[in-house]
Amino acid sequence: MTANAIQILVDALSVGGLYALTSLGIGLIFSVMRLANFAHAEFVTVPAYVMFALSGHPALMSIGAAVLTAVALALAVERIAFRPLRRVDPAAMLVASFAVSMLLQKLLVFAVGSRIVPLDPLPMLGEAIRFGGVQVSALKLVTILACVVLLAALTWFLRRTRFGLEMRAAAENFTMSRLLGVRANRVIAIAFALSGVLAAVVAVLFSAQTGFVQPRLGVQLVIVGFVATVIGGLGSLFGAAVGGLAVGAAATLLQAFLPPELRPFREAFLFAAVILVLLVRPQGLFPARGLKERV
Amino acid sequence: MTAHIGTADIGTADRSAPLLEVEAVSVRYGAVTALTAVDLAVGPGEIVAVVGPNGAGKSSLMGVIAGIVAPAAGRVRFRGEDILGQPLERTVRRGIAFVPEGRHVLSGLTVLENLVLGATVRADRAAVAADIDFFLDLFPVLRERRDQPAGRLSGGEQQMLVIARALMSRPALLILDEPSLGLAPRITDRVYETVAEVRGRGVSILVVEQNAARALKAADRTYVLNGGAVRLSGTREALAGHPRFEVAYFGLADAEHEGAGGQEGQEGK
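Chains U and W are the protein sequences, given in the same order. Mind the numbering: the first sequence is residues 13 to 307 in the working numbering, read in order. Mind the numbering: the second sequence is residues 16 to 284 in the working numbering, read in order.
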């Protein structure tokens, strides 16, 4: 492989990995609640601003604060905005998630302004690493590594732990799971906490790559994340991860291989591809089992 | 022993300490009335059947007891305590295991994982493991397919799995909604053998059946539900060959039959 090809591969995997983590965070909530949680955007943006506020402190401290903030925010949003609406029309929760998203975005604009602010949560990774003749960014390698570790940890959690088992059961048939004694509130709270952790990690890695934060940071990511979730197959976590990876990788490859004069229209090509995939497989690449299965 | 027509009292010795009491339960879906003032009781160690044609209100009744359907009126008591309006996951913690119509195995989870989930409410790890072993011995086909997704089992195997899964919670009352639906007669036999075995271990059973002959044979007492009301109820002996049984079951023939001489006393509303 040429040096160029390796660099493109690293780019594709690091961008794809970030989208995979984003769509997994969305997919976790969708699989247990059938809710497309638009407020996931702010689960990313708010911890990014927390890191901005802690600029100058040790990286580990600001990253830890970001994770704690995202988890606390996700749990609070679930408790305050979604739980009271769970028994109502599902559309009510969807609208509530828009409302929460808008509210948090506007609060951020109010508190810190809508201008871009600089953020470098991982300054120690600014250097490039050399392998023989190939130069790759340390940050991108760490991003790929972090994505792999998180995916593995999440898989272990879902496959090997008691709560993971309850979560998979709830994702497949919530009512039946409750009849077996699975506590709805607990399973949903755990799903939100996990989606908060994923969002915080995305906030750290994404802002480290872009070098700045602005109030719509999460929205841009989450829109692509939703698309990836749909492509992967709504309700399927494996599908969400693969969909995220595929969309991120496709975006990078388009950037690399489109003729320069077409590059500004990269996203048009990307979403045209998305539409094509959905025309061929309307249920997504890996449709979830039992989406309609309800007692 | 005597049969009772309509919503009249059951009047057996089991009334002294019923495990489950359903009192005057009515269910409405919008303008449609699914159940009208239904009474039902299950005593300790009893097998009780509810039979009736499609749309009689059987599943609504089970839904009320399990906590899925909110009734418009009435009470449901279990061990003397009111259990209506509580979170769904409380039902099994109280000792009621519900196997809904259509079985509902968690199809993406393995057979073993389904059984483990059945014991969600239990903390006695060692005993849970022993119970899993017991059911895998009782249904050897489940042991063979222990690590396969439950969705790959046949209908009969899935029925065995959901019964075993329900019993993993060590319930006092097992509710089976249409356990023979879509199963071959030989497998239905196996299901009812299991029901008898389970009762032998002190579990009460409430079974809903469209297959009335089958249910009558298995149950100590049977309720005939039609048009959302109990039309007839009584012990196996009293109902066997009872002249009004078919009338009550098929409902529509009621008026005609009555015109021909209506011999049996009070009608259900």
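All C-beta atoms in this analysis are idealised placements derived from N, C-alpha and C, irrespective of residue type, glycine included. This structure is a prediction, so every number in the text was calculated from the model and none was measured.
Would you grab the beta carbon distance between Val63/W and Val57/W for me? Rounded to a whole angstrom, and I think it's under 8 Å.
Val63/W to Val57/W, Cβ: 5 Å. Contact.
Comparing the C-beta of His257/W with each C-beta of chain U, is any distance below 8 Å?
no
Chain-order list of residues whose beta-carbon lies under 8 Å from that of Arg251/W (same chain, five-residue window excluded)
Leu231, Lys232, Ala234, Asp235, Arg236, Thr237
Which runs of the beta strand (DSSP E) fall wholly inside the region 218–256 of chain W and span at least 3 residues, in chain order?
219–224, 236–241, 244–250
Quick one: using the 10 Å Cβ neighbour count with 16 as the cut-off for buried, is Asn197/U buried or exposed?
exposed
Quick test of your reading: Phe50/U and Ser109/U, contact by CB under 8 Å. State the CB separation rounded to the nearest angstrom.
4 Å
Counting only beta-carbon atoms, is Arg108/W nearer than 8 Å to chain U?
yes
Does any residue of chain W have a CB that is nearer than 8 Å to the CB of Ala78/U?
no
Chain-ordered chain W contacts of Gly193/U [CB-CB under 7 Å]:
Against chain W, a Cβ distance below 7 Å from Gly193/U picks out Glu104, Val107, Arg108, Thr135, Val136, Ser184.
Can you pull the chain W residues whose beta carbon is under 7 Å from the beta carbon of Met179/U, in chain order?
Chain W residues near Met179/U: none, gap ~11 Å exceeds 7 Å.
Which chain B residues sit within Cβ distance under 8 Å of Met188/U?
Protein chains U and W are contained in the structure displayed, whereas chain B is not.
Which one or two residues does DSSP pair with Pro164/W in a beta bridge?
Thr125/W
Out of Leu198/W, Ile80/W, Ala211/W, Arg94/W, state which residue places its alpha-carbon closest to the alpha-carbon of Gln101/W.
From the listed residues Leu198/W, Ile80/W, Ala211/W, Arg94/W, the smallest Cα separation to Gln101/W is found for Ile80/W.
Going by the DSSP bridge assignment, what does Gln147/U pair with across the sheet?
Arg142/U
Closer than 7 Å at the beta carbon, the chain U residues around Ile80/W
The premise fails here: Ile80/W is roughly 12 Å from chain U at the closest Cβ pair, so nothing lies under 7 Å.
Taking the alpha-carbon positions, what's the Gly215/W to Glu172/W distance?
22 Å
Looking at chain W, is there any beta carbon in it that lies within less than 8 Å of the beta carbon of Glu184/U?
yes
Could you please give the first and the last residue of the uninterrupted alpha helix (DSSP H) stretch that includes Leu87/U?
71–89
Residue-chain proximity (Ala196/U, chain W), Cβ-Cβ < 8 Å:
yes
Could you tell me the distance, in whole angstroms, from the CA atom of Met63/U to the CA atom of Val222/W?
59 Å
Between Val84/W, Arg118/W, Pro59/W, Thr106/W, which has its C-alpha nearest Gly194/W's C-alpha?
Reading the sequence as shown, one finds Pro at residue 194/W and not Gly. Comparing Cα positions, the closest option is Arg118/W.
Cβ neighbour criterion (16 or more within 10 Å) applied to Ser75/W:
buried
Rounded separation between Leu282/U and Val27/U - CA only
14 Å
Contacting residues, own chain, Cβ-Cβ under 7 Å from Ala227/W (five flanking each side not counted)
Val66, Tyr264
From which residue to which residue does the alpha helix (DSSP H) around Val56/U run?
52–65 is the extent of the alpha helix (DSSP H) around Val56/U.
Kindly indicate which three-state DSSP category Pro130/U falls into: helix, strand or coil?
The answer is strand: DSSP assigns Pro130/U an E or B state.
Between Ser207/U and the rest of its own chain, which residues show a CB-CB distance below 7 Å, the 5 nearest in sequence each way excluded?
Closer than 7 Å at Cβ, skipping near neighbours: Gly37, Leu40, Ile41, His52, Phe55, Ala86.
Would you tell me roughly how many angstroms separate the C-alpha atoms of Ala24/U and Ala258/U, rounded to the nearest one?
Put simply, the backbone Cα of Ala24/U is about 9 Å away from that of Ala258/U.
Host alpha helix (DSSP H) of Asp101/U (start-end):
Where Asp101/U is concerned, there is no enclosing alpha helix (DSSP H), given that its DSSP letter is neither H nor E.
Give the secondary structure of Ala81/W by DSSP, where H, G and I count as helix, E and B as strand, and everything else as coil.
Three-state DSSP puts Ala81/W in a helix.
Use the C-beta contact count for Val47/W: other C-beta atoms within 10 angstroms, 16 or more gives buried, fewer gives exposed.
exposed
Hey, how far is the Cα of Asp204/W from the Cα of Ile83/W?
29 Å
Might you give, ordered along the chain, the residues of its own chain that have their beta carbon closer than 8 Å to the beta carbon of Leu265/U, omitting 5 neighbours on each side?
Ile20, Ala24
Label Gly72/W either buried or exposed according to how many other C-beta atoms from any shown protein chain fall within 10 Å of its C-beta, with 16 as the threshold for buried.
Classification for Gly72/W: buried.
May I have the straight-line CA-CA distance separating Arg140/W from Asp148/W, to the nearest angstrom?
13 Å
Is DSSP giving Asp54/W helix, strand or coil here?
Strand, per DSSP.
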